[in-house]
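Asks: Sharing a structure with you now.
Protein chains: 2
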Amino acid sequence: MSNRVTIADVARLAGVHAGTVSRALNQRTENQVNHETLGRVRQAAKQLGYAPNSIARGLRTNSSMTIGVIIPDLTNPIFPPIVRGIDSRLTERGYSAVVVNTDGSDDAERLHFESLVQRQVDGLIFATGHSGHSLAGEAFDRGIKAVMVNRDSGGVPFPAVVGDDADGIRASLAHLVELGHRNVLHLEGPPSFSTSRIRAEAFVAGCAELGLNGRVVQCSAYSVEAGQQAMDDLFESNSKLPTAVVAGNDLLALGVYHSLRLHGVKCPEDVSVVGFNDMPFAGDFQPAMTTVRTPHFEMGAEAARLLLEQIDSAPRGAMKVTLPVELVVRASTGPVR
Amino acid sequence: MSNRVTIADVARLAGVHAGTVSRALNQRTENQVNHETLGRVRQAAKQLGYAPNSIARGLRTNSSMTIGVIIPDLTNPIFPPIVRGIDSRLTERGYSAVVVNTDGSDDAERLHFESLVQRQVDGLIFATGHSGHSLAGEAFDRGIKAVMVNRDSGGVPFPAVVGDDADGIRASLAHLVELGHRNVLHLEGPPSFSTSRIRAEAFVAGCAELGLNGRVVQCSAYSVEAGQQAMDDLFESNSKLPTAVVAGNDLLALGVYHSLRLHGVKCPEDVSVVGFNDMPFAGDFQPAMTTVRTPHFEMGAEAARLLLEQIDSAPRGAMKVTLPVELVVRASTGPVR
DNA sequence: GAAAGTGCTGCAATCGATTGCAGGGCAAGG
DNA sequence: CCTTGCCCTGCAATCGATTGCAGCACTTTC
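Chains as they are written, first to last, in this note's numbering: chain W, 11 to 347; chain L, 11 to 347.
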């Protein structure tokens with residue numbers, strides 16, 4: 011459908027050979043063709059509305075100008091900015107992104123992975139933490155270029171782009187200390203995500219350093235439901251309530267909001283809450299959420315940059331790019347009473 | 011990179027011709043090959059980990075198993091669910107989606123359109139209202155299959171999937187009337203979106219029918235800023251404040267929240283606000299937003315279904331699928347005092 | 001004036017799969 | 001024993017572009 015006009019048509023009209031047309035229309039080779047011929051070819055191409063068939067080109071050049079992006083779930087609000095960051099860099103270089111969602115399923119991830127490889131993507135961006143058993147490793151063995159974003163590389167020699175999670179947690183704790191909090195709880199994300207561990211460890215270290223009484227509870231997912239569940243459980247266990255909770259991400263923090271409201275506990279008067287990520291509209295929640303802003307767009311853009319660099323020159327190895335984060339103080343944290 | 015093993019390798023190992031391998035490995039033709047041979051081929055393919063090169067296949071079959079999805083902006087919260095709905099239908103049929111963002115620019119839209127056509131996408135899904143000057147028409151003339159989602163087809167004979175916007179507005183007005191409101195304002199979206207007009211017209215018609223005093227103000231974009239701007243302007247104009255505003259979408263409604271807060275006007279005590287779309291987390295805003303839930307995921311899924319149907323059989327023409335919407339009453343609407 | 005070099009273009013192979021056509025092998029039927 | 005027909009498989013063209021190689025025309029150099 012659609013693209014009836016081929017390079018042969020242009021060649022015929024311009025009175026030259028198809029090979030010459032190809033050379034005339036490619037940046038890299040256009041200086042191999044006579045100036046006047048070049049003009050004729052361009053004119054003919056324009057007249058016919060010729061656009062090269064990228065499938066045919068891809069077959070010959072062994073590249074698809076396509077990048078596969080593997081994420082858990084596009085409706086998780088942190089991913090749209092990441093994807094757009096990726097896209098911004100890709101588009102300007104003529105690449106396109108094919109985004110697939112795994113919904114946290116290893117099987118789905120593998121299936122999508124195979125499908126992308128089959129499509130001859132020129133590279134992959136992994137944004138899932140959940141590939142514990144290392145699809146990335148397999149990708150590396152198969153000679154596929156890739157980078158990680160929002161997760162570490164788990165030992166596989168691919169570059170990784172992450173936010174400075176430890177620093178974000180540190181800033182959150184410092185903020186809480188300043189408000190007089192001493193009993194703090196961390197809601198840790200599921201263990202399959204590398205970010206969970208890093209944030210939890212930073213929390214423990216930070217508490218030790220600041221002399222806080224810190225506790226850690228693990229959640230089953232990075233979701234509102236899991237956050238609420240964890241908090242509900244805490245209420246039911248009758249253990250002493252912390253005066254502040256540092257949630258593993260904004261969704262967990264929202265779950266905390268729900269649980270607190272359900273139990274008639276006021277935020278921030280009774281319990282302060284800090285999120286992580288500064289997801290879109292976090293400032294419009296009730297109460298406006300204090301949270302750590304992670305530069306998702308920039309992370310995506312940087313990941314794409316590293317991938318393209320890898321594609322058109324040598325592999326970079328397991329370098330790690332850490333982008334700075336920033337605590338955004340809003341209304342969900344307040345002085346302890 | 012990656013895919014070293016070709017159909018010729020499999021043929022060699024199985025001791026047959028490449029053509030036979032191709033027939034053996036395709037659903038449609040596998041009954042053309044002897045049962046025992048088929049076993050041998052499958053075994054060989056498995057042993058070598060063979061996966062067909064979809065670029066090569068695409069060149070021959072003139073199909074890429076790829077669908078282009080053109081949206082304004084992925085970070086607009088209504089699009090992730092739509093995209094996932096599309097994806098859900100596409101994936102199960104072996105298709106992939108390439109999503110591009112236009113940011114409302116006609117130029118960007120055209121560029122992306124050309125790029126997608128060049129990539130030989132098997133079809134397109136338009137989710138932008140802003141293609142006034144009818145890329146869709148051009149697509150149709152070029153014989154490209156497409157469907158519209160969340161916008162009408164603007165006269166081009168492609169199927170369109172929309173929510174029942176008029177009914178949503180009607181329900182909103184009925185709800186407000188029940189609460190005693192009589193002076194209502196509609197914040198209309200920008201004229202380039204077909205949804206803007208439809209909602210505004212339904213608003214006017216609804217007010218007439220219910221005997222309400224309705225006013226309409228047009229916003230420059232479907233964004234928080236535009237909503238706030240429109241409301242700020244209203245305050246500055248010193249005209250009489252309505253007791254309720256029916257926003258063109260949730261982002262505009264959020265803008266109204268901001269403006270009201272800025273001017274010390276309470277919602278819902280002084281002014282009720284109704285949104286449109288029920289974007290994710292609308293229930294977590296301050297106050298929790300009363301809004302019309304649009305089935306975005308289903309709209310995406312239905313659009314993809316219609317497109318695939320169009321691809322593997324006859325075109326359906328300009329049919330229109332209208333999905334039901336539902337008013338979700340939360341805390342941003344209350345009785346007039 | 002011969003040799004060497006340069007600039008441009010055509011030729012044809014190639015990428016990896018799909019598919020119409022032809023033909024071999026074999027059984028059934030006359 | 002020959003014909004007919006059915007299965008199955010091989011052959012080779014094909015999709016549309018890219019690219020190494022060869023060759024032609026012409027200039028430069030000694």
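For every residue, glycine included, the Cβ atom is placed at its ideal position computed from N, Cα and C.
Contact criterion: CB-CB distance below 8 Å. Does VAL69 (chain W) meet it with respect to chain L?
Replies: Before going on, a small fix: residue 69 (chain W) reads as Leu here, not Val. LEU69 (chain W) counts as touching chain L.
Asks: How many whole angstroms separate the CB atoms of SER204 (chain L) and GLN238 (chain L), which I take to be in contact at a CB cut-off of 8 Å?
Replies: Going by Cβ atoms, the distance from SER204 (chain L) to GLN238 (chain L) rounds to 24 Å, so no, they are not a contact pair.
Asks: Give me the Cα-Cα distance between LEU316 (chain W) and LEU126 (chain L), rounded to the nearest whole angstrom.
Replies: 24 Å
Asks: From GLU235 (chain L) to GLU46 (chain W), what distance separates their C-alpha atoms?
Replies: Answer to the nearest angstrom: the Cα atoms are 53 Å apart.
Asks: Pick from W:PRO252, W:VAL302, W:HIS273: whose alpha carbon is nearest that of LEU261 (chain W)?
Replies: W:VAL302
Asks: Does the segment 73-90 of chain L come into contact with the segment 127-138 of chain L, if we say contact requires no fewer than three beta-carbon pairs (one atom in each stretch) closer than 8 Å?
Replies: yes
Asks: Would you report the Cα separation of GLU124 (chain W) and SER206 (chain W), rounded to the nearest angstrom?
Replies: For the pair GLU124 (chain W) and SER206 (chain W), the Cα-to-Cα distance works out to about 27 Å.
Asks: For a contact defined as C-beta to C-beta under 7 Å, what are the partners of VAL93 (chain L) on chain W?
Replies: Listed along chain W, the residues sitting closer than 7 Å to VAL93 (chain L) by beta-carbon distance are LEU84.
Asks: What does GLY108 (chain L) reach in chain W if we use C-beta pairs closer than 9 Å?
Replies: A small correction: the amino acid at residue 108 (chain L) is Val; Gly does not occupy that position in the sequence shown. Simply THR76, SER106, ALA107, VAL108, VAL109.
Asks: For SER12 (chain L), decide whether its Cβ has a neighbour in chain W, counting only Cβ atoms nearer than 8 Å.
Replies: Model confidence at SER12 (chain L) stands at a pLDDT of 47, short of 50, so the residue's coordinates are unreliable; what they give is reported in the following sentence. Interface residue, yes.
Asks: Put LYS330 (chain W) into one of helix, strand or coil per three-state DSSP.
Replies: Correct three-state label for LYS330 (chain W): strand.
Asks: Since GLN2 (chain L) sits in a beta bridge, which residues does DSSP pair it with?
Replies: With chain L represented from 11 up to 347, any question about residue 2 (chain L) goes unanswered, as that position is not in the structure.
Asks: Against chain W, which members of the segment 289-310 of chain L pass a CB distance test of less than 8 Å?
Replies: The residues in question are PRO290, PHE291, ASP294, PHE295, GLN296, PRO297, ALA298.
Asks: Just mark ARG14 (chain W) as buried or exposed, buried being the case when its beta carbon has 16 or more other beta carbons within 10 Å.
Replies: Around the beta carbon of ARG14 (chain W), a 10 Å sphere encloses fewer than 16 other beta carbons of the protein chains shown; the residue is thus reported as exposed.
Asks: How long is the line joining the alpha carbons of MET11 (chain W) and ALA66 (chain W), rounded to whole angstroms?
Replies: Unreliable placement is indicated for MET11 (chain W), whose pLDDT of 44 sits below 50; no coordinate value is reported for it.
Asks: Report the rounded CA-to-CA distance for GLU211 (chain L) versus LEU183 (chain L), giving the unit in angstroms.
Replies: Distance from the CA atom of GLU211 (chain L) to the CA atom of LEU183 (chain L), rounded to whole angstroms, is 13 Å.
Asks: What does ALA66 (chain L) touch in chain W if you count any residue whose Cβ is under 8 Å from its own?
Replies: LEU69
Asks: Does any CB atom of chain L fall closer than 8 Å to the CB of ASN41 (chain W)?
Replies: Interface criterion not met: the Cβ of ASN41 (chain W) is under 8 Å from no Cβ in chain L.
Asks: Using the beta-carbon of each residue, which ones in chain W are nearer than 7 Å to ARG50 (chain L)?
Replies: Those within 7 Å of ARG50 (chain L) in chain W number zero; the least Cβ separation is about 23 Å.
Asks: Measuring only the C-alpha atoms, how far is GLY274 (chain L) from VAL255 (chain L)?
Replies: 16 Å
Asks: What does ALA61 (chain L) reach in chain W if we use C-beta pairs closer than 8 Å?
Replies: GLU124, VAL127, GLN128
Asks: If we require 4 or more residues per run, which alpha helix (DSSP H) segments fall completely within the segment 241-299 of chain W?
Replies: Listed in chain order, the complete alpha helix (DSSP H) runs (minimum 4 residues) inside the segment 241-299 of chain W are 260-272.
Asks: One question on the structure: do VAL226 (chain L) and ALA240 (chain L) come within less than 8 Å of each other, judged by their Cβ atoms?
Replies: No. Outside cutoff.
Asks: Quick one: using the 10 Å Cβ neighbour count with 16 as the cut-off for buried, is SER323 (chain L) buried or exposed?
Replies: exposed
Asks: 8 Å is my cut-off, CB to CB: does ASP97 (chain W) come that close to chain L?
Replies: yes
Asks: Report the neighbours of PRO90 (chain L) on chain W: residues whose CB is nearer than 7 Å to its CB, in chain order.
Replies: Simply LEU84, THR85, PRO90.
Asks: For ALA298 (chain L), collect the residues of the same chain with a Cβ closer than 8 Å to its Cβ; drop the 5 residues on either side in sequence, then sort them by chain order.
Replies: ALA292, ARG340, ALA341, SER342
Asks: Just by C-beta distance, which residues in the segment 156-187 of chain L are closer than 7 Å to chain W?
Replies: none
Asks: I believe ASP97 (chain W) touches ASN86 (chain L) by the beta-carbon criterion, under 8 Å. Please report the beta-carbon distance rounded to the nearest angstrom.
Replies: Wrong, their Cβ atoms sit about 14 Å apart, outside the cutoff.
Asks: Which chain L residues are close to LEU264 (chain W), counting only those with a beta carbon under 7 Å from its beta carbon?
Replies: ASP294
Asks: Cutting at 8 Å between CB atoms, please list the residues of its own chain near VAL43 (chain L), excluding the five before and the five after it.
Replies: THR30, ARG33, ALA34, VAL51
Asks: Run through DSSP, which three-state label would PHE168 (chain W) get?
Replies: coil
Asks: Taking the straight line between their C-alpha atoms, what separation do you get for VAL93 (chain L) and LEU195 (chain W)?
Replies: 36 Å
Asks: So VAL166 (chain W) packs on ALA146 (chain W), CB below 8 Å; how close in whole Å?
Replies: 4 Å
Asks: Nearest-angstrom Cα distance between ASN259 (chain W) and ASN287 (chain W)?
Replies: Between the alpha carbons of ASN259 (chain W) and ASN287 (chain W) lies a gap of roughly 6 Å.
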